[in-house]
Structures are given as C-alpha cells and as structure tokens.
Amino acid sequence: MSQLDIQIAVEADGWADETALEALALRVLGTAENHLAAKERQPFPKQPTEVSLVFGDDEMIREINAEWRNKDKPTNVLSFPAFPVTPGKMPGPMLGDIIIARETVEREAVDLEKSFEDHLTHLMVHGFLHLFGYDHIEADDAEKMEALETRILAELGLSDPYAGQDPI
C-alpha cells in the first residue's frame with residue numbers, strides 16, 4: 000500500500016483531466032515506491048510522504064529551468080527535492096516537486112516512437128528518483144539510476160528506455 004500523498008496541479012492546456020493524471024501517478028509512483036522499499040531497502044516515514052506533480056508546458060518549464068539551472072530552454076522534467084536526500088536514507092515528510100512539460104514530452108515520444116503515456120511514465124519515474132537523491136551527472140551514477148529506472152519500468156510493463164545507449 001502506498002505511503003505517498005500525491006498532489007496534482009495541472010497548470011497548462013492539453014493534459015488529460017486531473018482524475019486520469021492522478022490515477023496514472025498513483026500507479027507509476029506507487030510502483031516506484033514499492034520497488035524502492037522492497038528491492039533497494041529505501042525507508043519511508045510512517046506517515047504518508049507528500050510529492051507534488053505539476054503538469055505544465057514548455058514555457059513554464061523553460062522559465063523554471065532558466066531561473067534554477069541557468070538553462071534558458073525547455074526540458075522534459077525537473078525535480079526539486081524538498082530536502083536533500085541520499086539514496087537509501089529516510090526522506091522527510093515532503094519529498095518535493097516534479098514538473099513536466101507537455102510539448103517536450105510529446106516531441107520526445109514521437110522521436111522515440113513511444114506512446115505519450117509510456118514516455119510520461121518514464122519521466123515520472125525519472126523525476127521521482129531524483130527526489131531520492133539519484134542523479135546522472137557522473138557516468139557511474141547514471142548507470143545506477145538508469146538501471147533502477149529500467150527495473151521499475153519493467154514492473155510497469157515497459158521496455159528499457161536506455162537500450163543501446165550509453166548512460167547520459
């Protein structure tokens with residue numbers, strides 16, 4: 000049973016309705032949470048941990064990316080942990096925010112020849128792992144994070160999104 004309190008905010012046009020997005024988030028993040036707890040020994044607080052998902056657009060995420068990362072361009076997903084967390088350590092009562100840009104997800108899904116929902120699922124998992132301190136800056140860390148993403152996505156019935164690629 001999920002120990003997540005998922006808050007949804009739809010801040011741009013073109014997204015599915017909030018009920019559908021919430022159902023997807025519960026399935027995806029719940030699977031990721033269960034995998035982390037069971038397979039990675041990730042502890043969770045006894046009380047539900049809050050995570051927010053913001054469904055935005057390219058302009059919104061471009062502005063946030065410019066302000067917080069000095070990259071004046073849109074990206075697919077940004078994660079902002081509420082508190083610094085190291086993988087395997089206890090998170091606080093609030094994990095943080097995951098922000099996703101619809102147009103970038105749509106373009107990438109077409110380029111990758113994947114459905115929009117499958118690519119969105121991958122980005123939700125990717126963003127969620129960032130909230131637990133996983134990253135892909137160094138090659139070793141990227142290999143760990145991508146392998147973890149791949150295992151979680153397999154539990155969701157999706158193929159390895161990194162097959163045939165070097166770690167990013």
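In this text, residue positions in the sequence shown follow numbering that gives the first Met the number 0: the first is 0, and each later residue adds one. We treat Cβ as the ideally placed atom computed from N, Cα and C, and that holds for glycine.
Residue environment, residue i, which counts as buried when at least 16 other CB atoms sit within 10 Å
i: T175; result: Because the chain spans 0 through 167 in this model, residue 175 falls outside it and cannot be assessed.
i: L128; result: buried
i: E32; result: buried
i: V109; result: exposed
i: T18; result: exposed
i: S78; result: buried
i: E137; result: exposed
i: N75; result: buried
DSSP state of residue i mapped onto helix, strand, coil
i: A15; result: coil
i: A162; result: coil
i: V84; result: coil
Rounded straight-line distance, which links the Cα of residue j to that of residue i
i: V104; j: P160; result: 14 Å
i: A11; j: E102; result: 10 Å
i: L152; j: A146; result: 10 Å
i: D71; j: A65; result: 4 Å
i: E49; j: L155; result: 22 Å
i: S158; j: E112; result: 12 Å
i: R106; j: A15; result: 17 Å
i: A162; j: L23; result: 24 Å
Beta carbon proximity, residue i to chain C, threshold 8 Å
i: A81; result: Reference to chain C is not applicable here, since this structure consists of a single protein chain.
Beta-bridge pairing of residue i - partner residues as DSSP gives them
i: I63; result: Answer by DSSP bridge pairing: none, since I63 is not bridged.
i: M93; result: E49
i: G29; result: In DSSP, G29 forms no bridge with anything.
i: V9; result: F54
Segment contact flag, the region 44-54 with the region 92-103, C-beta cutoff 8 Å, min 3 pairs: Here the region 44-54 makes contact with the region 92-103; the two share three or more CB pairs at distances below 8 Å.
* To do: Could you tell me whether the region 59-72 touches the region 27-43, using the rule of 3 or more Cβ pairs below 8 Å?
  => Pairwise C-beta distances place the region 59-72 out of contact with the region 27-43, as fewer than three of them are shorter than 8 Å.
Practice item. State whether the region 130-138 contacts the region 107-121, with contact taken as three or more CB pairs (one from each stretch) at a distance under 8 Å. Key: Of all C-beta pairs linking the region 130-138 to the region 107-121, fewer than three are shorter than 8 Å, placing the two stretches out of contact.
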